[in-house]
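Trainee: The sequence shown finishes on residue 314 if you use the working numbering, and the numbering steps up by one all the way, no holes. First the structure, which I've put down as C-alpha cells, then a few questions once you've had a look.
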Amino acid sequence: MNDGRIRAAPGHSRLPMDRVLAAYNLALAAVWAAAWTSAPHAPWIALAHVTAAALPWLFSRVPEPRSRITDIVHELYPYVWLGAFWSELDLLRPVLDLTGIDGPVAALDRTLFGMHLHEVWAPAMPQLWFSELMYFSYFFYYALIVVPPLAALLQRRTDALRDLTFRLMVTYLACYVIFMVFPVDGPHFLYEHFQGPHTKGFFYGLVDVTQQAGDARGCSFPSSHVAAAVVIALSAWLWFPRWAAVVVTVGAVGVFLATTYTQNHYAIDAVAGVVYALVLQVTAVPWLRRWLDRATYGGPRRTGSPSAG
C-alpha cells in the first residue's frame, strides 16, 4: 500500500527516470565531445553533461533515511533539466550545422488542409476577445506543465508524480531528438506575423515577452507544446479528479488550437504533436517502464491505484 511519502522503493534510491536522463546526458556529452573543435565551449558542455549523468549516483549515496527536501529535489530535478535541454538546442544548431528542413513539412501542411492555416486564421478572426483567448490558451501551456506535478507533490501522491514525470520526460526527450535530426523552423521564424488589433492584448504581450526570453529554432515539428499537453491531459484522467481532468483537457485543446492561431506552428505540427504523444504512450513508455523497472527494482513494481475522483 502506498503511504503517500515521496521516496524511492525500499532499498533503492534511484528511479527509472534517473536512467533515462543519464542516458540522454551521456548521449549529448558524446555529441559535444565529437564537436570539440567546432566551438570553444564544446568540451565544457560535454563535461557538464557527464557530471549531470552522475547526479543519480549522487542521490543514491545520500544516507537513509533521506530528508524530505532531498526527496523533493530528486523528484523534481528532471523538470529543471527540461529547460536546460531546450536552451541547449539553440547552441547545438551551429555546432551541428543544422538548417531548417521546412519544405516537406510545409508542403504536407498545405496538402492536408488546402492552405496554410497559420497564414489565414488570425487575419480572418482578429477580434481582440478571440485573440486574447488564443494567446491565453498558448500561455496556459506553462500552467499545464507546472501545476499538475506540483499538485501531486503537495498531495504526496508519489506514484502520480512519478508516472507523470516519466511520461513527460520520455515525450520531451523524444521530441528533442527529432529536433536535432530533423529541424523544422516553422512560421514563427520564417514568416512575417500578422499585425492587427490582437497585438494590443495583454496575453499577446505576455507570450511575446516569454518567447523573447527563450525560444529555440528548429523545434517546430512535431509541436512539443502540444505533445506535452496531450500527455498531461492523459495523466490527469488517470490520476486526478474528474473536474481537474476536464480543466486540463480543455486547456490541452486550447494549446492545440493556439499553436496555429498564434502563427508559431504549421497546423501539421500540432497534429503531429498529438499523434507522436499518443504513439509514445502506447509504445515507448510501457516498454521503457518494464525494462527500467527490471533494471532498477529487479522486476515490475507495484504502484498505487490511479483515481479519477
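Ideal Cβ positions, reconstructed from N, Cα and C, are used throughout, including at glycine.
1. Report yes or no: do the stretch 256 to 271 and the stretch 215 to 230 share at least 3 C-beta pairs separated by less than 8 Å?
2. What does the alpha-carbon distance come out to for the pair VAL253 and PHE64?
3. For LEU94 versus GLY259, is the C-beta distance shorter than 8 Å?
4. Are TYR196 and HIS203 touching if we call contact CB-CB under 8 Å?
5. Would you be able to state if there are at least three C-beta pairs under 8 Å between the stretch 233 to 244 and the stretch 147 to 154?
6. Report the residue from ARG98, SER142, PHE145, GLU124 whose alpha carbon sits nearest the alpha carbon of PHE187.
7. Does the distance from the C-beta atom of VAL175 to that of LEU87 stay below 8 Å?
8. Tell me whether the beta-carbon of HIS270 lies closer than 8 Å to the beta-carbon of PRO192.
9. Based on DSSP bridge pairs, tell me the residues matched to VAL189.
10. Hey, quick one: how far does the alpha helix (DSSP H) through THR42 stretch, first residue to last?
11. Rounded to a whole number of angstroms, what is the C-alpha to C-alpha distance between VAL125 and LEU31?
12. Between which two residues does the alpha helix (DSSP H) containing TYR281 stretch?
13. Can you tell me whether DSSP reads ALA59 as helix, strand or coil?
14. Is PRO154 near LEU138, with beta carbons less than 8 Å apart?
15. Would you report the Cα separation of HIS17 and VAL85, rounded to the nearest angstrom?
16. Please name the residue in THR42, ALA232, VAL55, PRO246 whose C-alpha comes closest to that of ALA35.
17. For the alpha helix (DSSP H) containing ALA115, list its first residue and its last residue.
18. Hey, how far is the Cα of ALA257 from the Cα of CYS180?
19. Can you tell me where the alpha helix (DSSP H) with PRO70 in it begins and where it stops?
20. Can you give me the start and stop residues for the alpha helix (DSSP H) that MET139 sits inside?
21. Using beta-carbon positions only, say whether ILE106 and VAL182 come within less than 8 Å of one another.
22. Quick one: using the 10 Å Cβ neighbour count with 16 as the cut-off for buried, is PHE207 buried or exposed?
23. Put GLU197 into one of helix, strand or coil per three-state DSSP.
Mentor: Well, looking at it:
1. yes
2. Against the sequence shown, residue 253 aligns to sequence position 248. Against the sequence shown, residue 64 aligns to sequence position 59. Answer to the nearest angstrom: the Cα atoms are 32 Å apart.
3. As a position in the sequence shown, residue 94 is number 89, starting the count at 1. As a position in the sequence shown, residue 259 is number 254, starting the count at 1. In this structure, the beta-carbon distance from LEU94 to GLY259 does not fall below 8 Å.
4. Position 191 of the sequence shown, counting from 1, holds the residue named residue 196. Position 198 of the sequence shown, counting from 1, holds the residue named residue 203. Cβ distance not < 8 Å, so TYR196 and HIS203 don't count as in contact.
5. Remark: three or more beta-carbon pairs, one from each stretch, lie closer than 8 Å, so the stretch 147 to 154 and the stretch 233 to 244 are flagged as touching.
6. Locating residue 187 in the sequence shown gives position 182, counting from the first residue. For the residues ARG98, SER142, PHE145, GLU124, the minimum Cα distance to PHE187 belongs to ARG98.
7. The residue labelled residue 175 in the question sits at position 170 within the sequence shown. The residue labelled residue 87 in the question sits at position 82 within the sequence shown. Judged by beta-carbon spacing, LEU87 lies beyond the 8 Å limit of VAL175, meaning their Cβ atoms are not closer than that value.
8. Sequence index remark: in the sequence shown, residue 270 carries index 265 (1-based). Sequence index remark: in the sequence shown, residue 192 carries index 187 (1-based). Yes; because the gap between Cβ atoms is below 8 Å, this pair is in contact.
9. Taking the first residue of the sequence shown as 1, we reach residue 189 at position 184. VAL189 is bridged to CYS224.
10. Translated into positions along the sequence shown, residue 42 becomes position 37. Unbroken run through THR42: none, as it is neither H nor E.
11. Counting from 1 along the sequence shown, the entry for residue 125 is found at position 120. Counting from 1 along the sequence shown, the entry for residue 31 is found at position 26. Going by C-alpha positions, VAL125 is about 43 Å away from LEU31.
12. Sequence index remark: in the sequence shown, residue 281 carries index 276 (1-based). Start and end: 272 to 287.
13. Taking the sequence shown and counting its residues from 1, one reaches residue 59 at position 54. Of the three classes helix, strand and coil, the one that applies to ALA59 here is coil, per DSSP.
14. Within the sequence shown, residue 154 is the residue found at index 149, counting from 1. Within the sequence shown, residue 138 is the residue found at index 133, counting from 1. No. Outside cutoff.
15. Residue 17 sits at position 12 when you count from the first residue of the sequence shown. Residue 85 sits at position 80 when you count from the first residue of the sequence shown. Reliability fails at HIS17, whose pLDDT of 47 lies under 50, so the model's placement of it is uncertain and the value that follows must be treated cautiously. C-alpha separation (whole angstroms): 23 Å.
16. Here residue 35 refers to the residue found at position 30 of the sequence shown. It is VAL55.
17. Walking along the sequence shown from the start, residue 115 turns up at place 110. Reading off the sequence shown, one finds Arg at residue 115, where the question assumed Ala. Counting along the chain, the alpha helix (DSSP H) containing ARG115 begins and ends at 107 to 118.
18. By 1-based counting over the sequence shown, the position of residue 257 is 252. By 1-based counting over the sequence shown, the position of residue 180 is 175. Inter-residue distance for ALA257 and CYS180 is about 17 Å (C-alpha atoms, whole angstroms).
19. Residue 70 sits at position 65 when you count from the first residue of the sequence shown. First-last for PRO70: undefined, no H or E at that position.
20. Counting from 1 along the sequence shown, the entry for residue 139 is found at position 134. Here the alpha helix (DSSP H) through MET139 covers 133 to 159.
21. Here residue 106 refers to the residue found at position 101 of the sequence shown. Here residue 182 refers to the residue found at position 177 of the sequence shown. Not closer than 8 Å, so no.
22. Looking up residue 207 in the sequence shown gives position 202. With fewer than 16 other Cβ atoms within 10 Å, it is exposed.
23. What you label residue 197 is simply residue 192 of the sequence shown in a count that begins at 1. Here GLU197 sits in coil by DSSP.
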